[in-house]
Structures are given as structure tokens and as C-alpha cells.
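*Asks:* Heads up: the sequence shown runs through residues 1 to 185, numbered per full-length UniProt numbering.
I'd like to ask you about the structure that follows.
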Amino acid sequence: VRVSASKAREVLNLVRGESYGRASEIIAFSERSVAKVVGKCLDSAVANAEHNDQVPAEELFVSACYADEGATLKRWRPRARGRATPIHKRTCHITVVVSRYTEEELERMAAQDALRERTGASARAAVSRRERVEKSRAAETAREAEHDHEHDDGHDHEAVEVEDATEEAVEVEDATEEAVEVEDA
């Protein structure tokens, strides 16, 4: 493959040890250009396992993958004053090895899938969210029920409370003035 081994290893390190489905997803969303080549190698290895060994793709995982140095193409780049400097166009050999999960791992994965379907991790999250929303709406309804008058468009609760406090303060001042006048007389 006409890419350096170090660039190919970055993608291969992501898929090593993953199931075939998960590895395909990782490769599909990888932004590296070498990911397409690695994807083709992975698909080829899985197709070989399915055809030659009759192993379903769901039971396969990437057991090993590596990129070895290939031949280096040596080219020349013209530079200033008639000189030339070498360019090394590196290549690599990509190897992807897929293996079948053991029976114990397959049983464990099947049990996890059954548990996930039965309990429904996303269903539990939806139920939890529904309960929180109902609780929040009940609290909002209680606040509205506590609030016992109708609203006008220009009505402001804080202004009403300030006006009430001002009226009470004026009444207290009037009462103290009357008490002072009574004492003077």
C-alpha cells in the first residue's frame, strides 16, 4: 500500500481486539485516508473466514493487525543551485487477522444482548426521564394552584408586593405621627 507504516498503524491500533461490526464502524468514521484500505483488508479477511471456514461475521473479531515496512521508492526533488535532495516514498504491507470468539465469550455476549433487550437500557432511561418530567410538572401545577388570582397582561407580582409594603410603611408612619402628637398634647 502506498502509505507509510506509521500512518497505517494509527488506524490499525483503533480496531485491534474489536468485533467485526465495531471495527467496521470505527473505520467508517475514521478521517484517515488509509482507513479505506484497512477497511478493505478487514472485509477481505472476514469474507475469507465466511467462505473458507463457514464462520458467521458476527462471531469474528480482529485478533491481530499490523503494518510492516514495504519497499521504499526513492525519488529526487530539485533544489536551489542545481542540487537535488532525495525523497523517500514509503510503502507498507497491511495484515489483518480475524478469529472466532470462544464459546464462553459468545454465550456471555448473547446473555448481555438478551439482558439489554429485556431490561432495555434505553427504555430505563426513558422511564426515568418520564418520571422526572411528571414530577416537575406536578410541582409547577402546585405552584400555579397556590397562586390564586387571575393575571392581567400588565400585572407584575413584584410590583404588587412592593406597593403593599409601601402602603404598610405609610400606615406605620401615620400611626407614629399620631402617637407623637398625642404625647405632645
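C-beta: ideal position from N, C-alpha, C; glycine also.
As the structure is a computational prediction, the values presented were derived from the model and not from experiment.
Classify glycine 21: buried if its beta carbon has 16 or more other beta carbons within 10 angstroms, exposed otherwise.
*Replies:* Exposed, by the Cβ-count rule.
*Asks:* Hey, is valine 15 close to the ligand NAD, as in C-beta under 7 Å from one of its heavy atoms?
*Replies:* As far as ligands go, the structure on display features none, and thus does not contain the ligand NAD.
*Asks:* Would you check if the distance between the CB atom of leucine 42 and the CB atom of valine 96 is smaller than 8 Å?
*Replies:* Closer than 8 Å, so yes.
*Asks:* Please look up how many angstroms separate the CB atoms of alanine 49 and valine 98, rounded, as I've assumed it's under 8 Å.
*Replies:* Confirmed, Cβ separation roughly 6 Å.
*Asks:* Give me, in chain order, the residues of the same chain whose beta-carbon lies closer than 7 Å to that of alanine 71; leave out the 5 immediate sequence neighbours on both sides.
*Replies:* Closer than 7 Å at the Cβ level, and outside the excluded window around alanine 71, lie Thr91.
*Asks:* Provide the residue(s) that pair with aspartate 68 in DSSP beta bridges, ordered along the chain.
*Replies:* His93.
*Asks:* Tell me whether the beta-carbon of alanine 84 lies closer than 8 Å to the beta-carbon of leucine 12.
*Replies:* No. Outside cutoff.
*Asks:* Quick one: give me the first and last residue of the beta strand (DSSP E) that arginine 75 is part of.
*Replies:* Note, arginine 75: beta strand (DSSP E), 73-78.
*Asks:* Going by beta-carbon coordinates alone, are isoleucine 94 and alanine 8 separated by less than 8 Å?
*Replies:* A contact, by the Cβ cut-off of 8 Å.
*Asks:* Grouping DSSP H, G and I as helix and E and B as strand, with all else coil, what is histidine 51?
*Replies:* Note: histidine 51 maps to helix in three-state DSSP.
*Asks:* Can you pull the DSSP bridge partners for residue 241?
*Replies:* The structure shown does not extend to residue 241, since the chain spans only 1 to 185, so no value can be given for it.
*Asks:* State yes or no: is the C-beta of phenylalanine 61 within less than 8 Å of the C-beta of glutamate 25?
*Replies:* Not in contact: phenylalanine 61 and glutamate 25 (Cβ atoms no closer than 8 Å).
*Asks:* What is the DSSP secondary structure of serine 44, reduced to helix, strand or coil?
*Replies:* Reduced to three states, the DSSP call for serine 44 is helix.
*Asks:* If residue 201 sits next to histidine 88, beta carbons under 8 Å apart, how far is it from one beta carbon to the other, in whole angstroms?
*Replies:* The structure shown has nothing for residue 201, since the chain only spans 1 to 185.
*Asks:* If you compare alpha carbons, which of Ser63, Val55, Ser6 and Arg2 is closest to alanine 23?
*Replies:* It is Ser63 whose Cα lies nearest to the Cα of alanine 23.
*Asks:* Can you name, in chain order, every residue of its own chain whose Cβ lies under 8 Å from the Cβ of glutamate 31, other than the five neighbours on each side?
*Replies:* Closer than 8 Å at the Cβ level, and outside the excluded window around glutamate 31, lies no residue.
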